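Asks: Chains A and B supply the protein sequences, listed in that same order. First residue of the first sequence? That's 52 in the numbering used here, and the numbers climb one at a time after it. First residue of the second sequence? That's 5 in the numbering used here, and the numbers climb one at a time after it. Yeah, the Cβ is synthetic: ideal placement off N, Cα and C, and Gly gets one too. Treat the numbers as computed from the prediction; the structure is a model and nothing was measured. This is the structure I have questions about; it appears just below.
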Amino acid sequence: MMKNAASNRFGFQLLALILALGITSLILLAVGASPFQVFTDMFTGSLGSVKKISDVLVGWVPLLLVTSGLLITFAAGLWNIGVEGQITLGAIGTTMTLRSLQDSGMNPALIITLSILAGMFAGALWAALAGALKTFGGVNEIFGGLGLNFVATALTIYLIFGPWKRPGTGSMSGTEPFADPLHLPLFEGLRLSPWALVIAIAGIVFVYFLLQGTYFGLRLKAVGRNFRAAYLLGIPTWQYMMFSFLLCGALAGAAGALQVTAVYYRLIPAISSGYGYLGLMVAMLINYQAIWAVPVALFFAALNIGSIQLPILHKLDSSLSGVLQGMLVLFVLLAEGARQRFTPKA
Amino acid sequence: MEIGLILTGLAGVLFAAAPIIFAVIGETVTERAGVINLSMNGTILLSAMGGFAASSRTESLLAGFLTGAAIGALVALVVAFSSITLKQSQVAVGFVLALTCRDLAYFLGNNYMGISGPRIPAWDFPALSQIPVLGQLFFHHDIMTYLSFLAIFLAWAWIFRTRPGLMLQGIGERPASAFVRGANVNLMRYVYTIIGGAIIGLAGPTYSLSVKAGWNGTISGLDGFGWIALSITIFGGWNPLRAAFGAYLFGLLQWLGLVLQPSLPNIPSQVLQVAPFPLMILTLLLVNIGDAEWVERTLAALPESARRFFTRAFRALRASPPAALGVPFERD
């Protein structure tokens, strides 16, 4: 019986995958492109060389960190849409610390460590704001979070054009880049930092064990499943919700910190690059199972990198990766609904 | 500043708010029926692109608006099907659609970037436009602006002044009671979600064929409208009049940001453009805080007169959502 149910689920997910690819192919045909050619080019564009694979991993790091954080808030039953802003604040906190310590003569490794920690702290603080609005103000975390995302973007632009502007005039290209010693070291000839990889993997391992192996994780899931029952059982519900916001904010903040210390070496206006929203999609696609975050985030990052060349090769917009990712999540959700509805309960 | 300039500015606020009005009214109708359509940001972008593309191909403005409404209705159908028939999370499906439709708009709109296309001509309302002050404020626009005024009052009258509107309130508040009274709750939810979606779908072409004609991809300046409109729907307490007030207030604040720019040279214009957001969060806080447990406890400890004052103030501000918002209906 169990085996039957599992293969049943697998069948519906396969159907979802085929539908998503099919619809995306139809869209490609509609604009006069060859789906086969486009998908092949996306594949070679993301996995065709060591350099490209390392670029995929550069995108995998923030996506995995954000997804790990979101698994905690989802476990608590929260839709932390404000995660975009939490990434942004992480980047701001890191930039602020780097700026104030860069001329202090301290050991660069120590400065980088402190500024990543500051980024995590700033991300957690921003998440705490959404959490406080939710728990003490009754403001739904989706709307509080969305508003805070816009505020975070405005704050970034204000800093880039105001107090932190480049010598001369501020520009959309961001703040003045930091000096070489303040960059996280990279693999030889690549854009990928081993330290960033280590931090991202540590993040998902931490979340996996937190949710699967601890009493805290169990109680957090109780809060998410049935808030009222958890409250009646004596679980301090609002403290748990608040704590999940803080943890998620810290992980998102780490993602923002790494964008500054290992990718851009400065603060740019779109520093979060949409990884927060993409992380929400990954979390939905994997049905909130931490173990699947690793491959699915990798796949999504590969789609992003693979689509970069589409404008040059096919005169197509690179947002195709977003269309394909969205169709996948949509059809997986629909297939799950169809499975629950149309398979007889044993 | 001169009176004439202020009037022109305020009239501009009414004109520029038309897309948000359509979005907010469409969402209010949808949510009144108990369904959240979170896809709004993507729907608006896709309908703006689709409406512009359709009308620049056919050279027909009407085709543009019909395309926009059809896109909105179609996306709403997906939301309705997945949440009502398949009982999946409305928030999850809506959010995925918000992102997917946005990317689809940028992808499909690639060939229409920056090309010139049709635009709705301005049309002074006969006779009424001659009224001093009021005429200048309300009746020197184009047909979509007038339709946006009309939509506010039609939606309000439908919800609060008609029998089917009463039933609409019922299926959002107490679907079980509405069902006992003979309403086909799930069918009605389908119908209102799709109608609401079509109204939301008018927001896009109103922008791309009127407010800021054309399609410019990611720099169209339209990304984010849907999220703003969602917040305004809550601020509006699911009442079309209050929601419209919120939309105009938002537009007014953004306009003030532009006007005040020269006198505040140290603040970049982008910051003033988002000034309404912290205010929006603040108002959401005011609207909701009366329900928070700690507030009730604090109020209970206050002396009688103060308590009565605060309770009354919170009740006046408060906006409770339809009780069954987001909850699937199952007859058992």
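Report yes if the C-beta distance between Phe56/B and Gly218/B is below 8 Å; otherwise report no.
Replies: Position 52 of the second sequence, counted from the first residue, corresponds to residue 56/B. Position 214 of the second sequence, counted from the first residue, corresponds to residue 218/B. Cβ atoms of Phe56/B and Gly218/B: closer than 8 Å.
Asks: Is Leu309/A near Val101/A, with beta carbons less than 8 Å apart?
Replies: As a position in the first sequence, residue 309/A is number 258, starting the count at 1. As a position in the first sequence, residue 101/A is number 50, starting the count at 1. No.
Asks: For the putative contact between Gly327/A and Glu135/A, defined by C-beta atoms under 8 Å, what is the C-beta separation to the nearest angstrom?
Replies: As a working note, residue 327/A is residue 276 in the first sequence. As a working note, residue 135/A is residue 84 in the first sequence. Confirmed, about 3 Å.
Asks: Should Pro236/A and Tyr316/A be called a contact, given that it needs their Cβ atoms to be closer than 8 Å?
Replies: Counted from its first residue, the first sequence places residue 236/A at position 185. Counted from its first residue, the first sequence places residue 316/A at position 265. Contact: no.
Asks: Please state whether DSSP places Asp107/B in a helix, a strand or coil.
Replies: Along the second sequence, read from residue 1 onward, the residue named residue 107/B stands at position 103. Asp107/B: helix per DSSP, three-state reduction.
Asks: Express the C-alpha separation of Leu290/B and Trp242/B in angstroms, rounding to a whole number.
Replies: Residue mapping note: residue 242/B aligns to position 238 of the second sequence, counting from 1. Residue mapping note: residue 290/B aligns to position 286 of the second sequence, counting from 1. Those two C-alpha atoms are separated by around 16 Å.
Asks: Helix, strand or coil for His365/A per DSSP?
Replies: Along the first sequence, one-based indexing puts residue 365/A at 314. Of the three classes helix, strand and coil, the one that applies to His365/A here is helix, per DSSP.
Asks: For the stretch 224-247 of chain B, enumerate the residues whose C-beta is nearer than 9 Å to any C-beta of chain A, in chain order.
Replies: So the close ones are Gly228, Trp231, Ile232, Leu234, Ser235 and Ile238.
Asks: Is it the case that the stretch 332-340 of chain A contacts the stretch 106-123 of chain A, given that we only count it when at least three CB pairs across the two stretches are under 8 Å?
Replies: Short answer: they touch.
Asks: Pull out every residue of the stretch 285-312 of chain B whose Cβ sits closer than 7 Å to any Cβ of chain A, in chain order.
Replies: Answer set for the stretch 285-312 of chain B: Ile285, Leu288, Leu289, Asn292, Ile293, Asp295, Ala296 and Trp298.
Asks: Could you list which residues in chain A have their beta carbon closer than 7 Å to that of Phe99/B, in chain order?
Replies: By 1-based counting over the second sequence, the position of residue 99/B is 95. Going along chain A in sequence order, the residues near Phe99/B (Cβ under 7 Å) are Leu331.
Asks: For Lys91/B, which residues in the same chain have their Cβ closer than 6 Å to its Cβ, ignoring the five residues on either side in sequence?
Replies: On the second sequence, position 87 is the one that residue 91/B refers to. Taken in chain order, the residues that qualify are Pro332.
Asks: Counting contacts by CB-CB distance shorter than 8 Å, is Leu264/B in contact with chain A?
Replies: Your numbering for residue 264/B matches position 260 in the second sequence. Not one chain A Cβ lies under 8 Å of Leu264/B.
Asks: Going by beta-carbon coordinates alone, are Ile175/B and Gly169/B separated by less than 8 Å?
Replies: Start at 1 with the first residue of the second sequence, and residue 175/B comes out as number 171. Start at 1 with the first residue of the second sequence, and residue 169/B comes out as number 165. Their beta carbons are not under 8 Å apart, which means Ile175/B does not touch Gly169/B by this criterion.
Asks: Using the rule of at least 16 other Cβ atoms within 10 Å of the residue's Cβ for burial, across every protein chain shown, is Leu381/A buried or exposed?
Replies: Here residue 381/A is taken as the residue at index 330 of the first sequence, counted from 1. Leu381/A is buried by the Cβ-count criterion.
Asks: What is the DSSP secondary structure of Asp128/B, reduced to helix, strand or coil?
Replies: Stepping through the second sequence from its first residue, residue 128/B is reached at position 124. Asp128/B falls in the strand class under three-state DSSP.
Asks: Using the C-alpha atoms, what's the distance from Pro395/A back to Gly200/B?
Replies: The residue given as residue 200/B occupies position 196 in the second sequence. The residue given as residue 395/A occupies position 344 in the first sequence. Computed Cα separation, rounded: 34 Å.
Asks: Taking 8 Å as the CB-CB limit, is Glu387/A close to chain B?
Replies: To locate residue 387/A, count along the first sequence from 1; it is residue 336. It does; some Cβ of chain B falls within 8 Å.
Asks: Need the endpoints of the alpha helix (DSSP H) that Ser25/A sits in, please.
Replies: Because chain A spans 52 through 397 in this model, residue 25/A falls outside it and cannot be assessed.
Asks: Going by DSSP in three states, Met52/A sits in which element: helix, strand or coil?
Replies: What you label residue 52/A is simply residue 1 of the first sequence in a count that begins at 1. Because the pLDDT of Met52/A is 47, which lies under 50, any placement of that residue in the model is unreliable, and the number read from its coordinates should be weighed accordingly. Coil.
Asks: Expressed to the nearest angstrom, what Euclidean distance is found between the alpha-carbon atoms of Ile238/B and Val28/B?
Replies: The count along the second sequence starts at 1 and reaches residue 238/B at position 234. The count along the second sequence starts at 1 and reaches residue 28/B at position 24. Each residue's alpha carbon lies about 9 Å from the other.
Asks: Going along chain B in order, which residues have a C-beta closer than 9 Å to the C-beta of Ile337/A?
Replies: Within the first sequence, residue 337/A is the residue found at index 286, counting from 1. Simply none; closest approach about 13 Å.
Asks: Considering only C-alpha positions, which residue in the set Val137/B, Pro136/B and Lys216/B is nearest to Leu49/B?
Replies: Taking the second sequence and counting its residues from 1, the one referred to as residue 49/B is at position 45. Closest by alpha carbon: Lys216/B.
Asks: Distance cutoff 8 Å, beta carbons only. Does Arg392/A sit that close to anything in chain B?
Replies: As a position in the first sequence, residue 392/A is number 341, starting the count at 1. Yes, contact with chain B.
Asks: Does any C-beta atom of chain A lie closer than 8 Å to the C-beta of Pro326/B?
Replies: Position 322 of the second sequence, counted from the start, is the residue given in the question as residue 326/B. By this cut-off, Pro326/B is not an interface position.
Asks: Using a beta-carbon distance below 8 Å, is Thr62/B in contact with chain A?
Replies: Numbered from its first residue, the second sequence carries residue 62/B at position 58. No, Thr62/B does not count as interfacial toward chain A.
Asks: Rounded to whole angstroms, what is the Cα-Cα separation between Ile132/A and Val311/A?
Replies: Locating residue 132/A in the first sequence gives position 81, where the first residue counts as 1. Locating residue 311/A in the first sequence gives position 260, where the first residue counts as 1. Each residue's alpha carbon lies about 22 Å from the other.
Asks: Thinking Ser64/B and Ile119/B are a contact (beta carbons under 8 Å), I'd like their distance in whole angstroms, please.
Replies: By 1-based counting over the second sequence, the position of residue 64/B is 60. By 1-based counting over the second sequence, the position of residue 119/B is 115. No, Ser64/B and Ile119/B are not in contact; Cβ-Cβ is about 16 Å, not under 8 Å.
Asks: Find the nearest neighbour of Phe296/A within the set Ala160/A, Thr139/A, Gly128/A and Ala203/A, judged by alpha-carbon distance.
Replies: Along the first sequence, one-based indexing puts residue 296/A at 245. Of the candidates Ala160/A, Thr139/A, Gly128/A and Ala203/A, the one whose C-alpha sits nearest the C-alpha of Phe296/A is Gly128/A.
Asks: So, are the CB atoms of Gly96/A and Ile286/A less than 8 Å apart?
Replies: Your numbering for residue 96/A matches position 45 in the first sequence. Your numbering for residue 286/A matches position 235 in the first sequence. Not in contact: Gly96/A and Ile286/A (Cβ atoms no closer than 8 Å).
Asks: Assuming contact is defined by CB atoms lying nearer than 8 Å, are Ser93/B and Ile75/B in contact in what I supplied?
Replies: Mapped onto the second sequence, residue 93/B falls at position 89. Mapped onto the second sequence, residue 75/B falls at position 71. Not in contact: Ser93/B and Ile75/B (Cβ atoms no closer than 8 Å).
Asks: Assuming Ala73/B contacts Asn41/B under a Cβ cut-off of 8 Å, what Cβ separation, rounded to an integer in Å, is found between them?
Replies: Indexing the second sequence from 1 puts residue 73/B at position 69. Indexing the second sequence from 1 puts residue 41/B at position 37. Not quite, the Cβ-Cβ distance comes to about 14 Å (not below 8 Å), so this is no contact.
Asks: Just the Cα atoms here: how many angstroms apart are Gly16/B and Trp259/B?
Replies: Here the question's residue 16/B lines up with position 12 in the second sequence. Here the question's residue 259/B lines up with position 255 in the second sequence. One C-alpha to the other measures close to 9 Å.
Asks: May I ask you to list, following chain order, the residues of the stretch 359-371 of chain A that have a beta carbon less than 8 Å from some beta carbon of chain B?
Replies: If the cut-off is 8 Å between Cβ atoms, the stretch 359-371 of chain A has Lys366, Leu367, Asp368, Ser370 and Leu371 near chain B.
Asks: What in chain B is Cβ-close to Gly373/A, meaning under 9 Å?
Replies: Translated into the one-based positions of the first sequence, residue 373/A becomes position 322. Neighbours of Gly373/A on chain B, chain order: Leu103, Thr104, Arg106, Asp107, Leu108, Tyr110 and Phe111.
Asks: Can you check whether the C-beta of Asn114/B is within less than 8 Å of a C-beta belonging to chain A?
Replies: Numbered from its first residue, the second sequence carries residue 114/B at position 110. For Asn114/B, the answer is yes, since a Cβ of chain A falls inside 8 Å of its Cβ.
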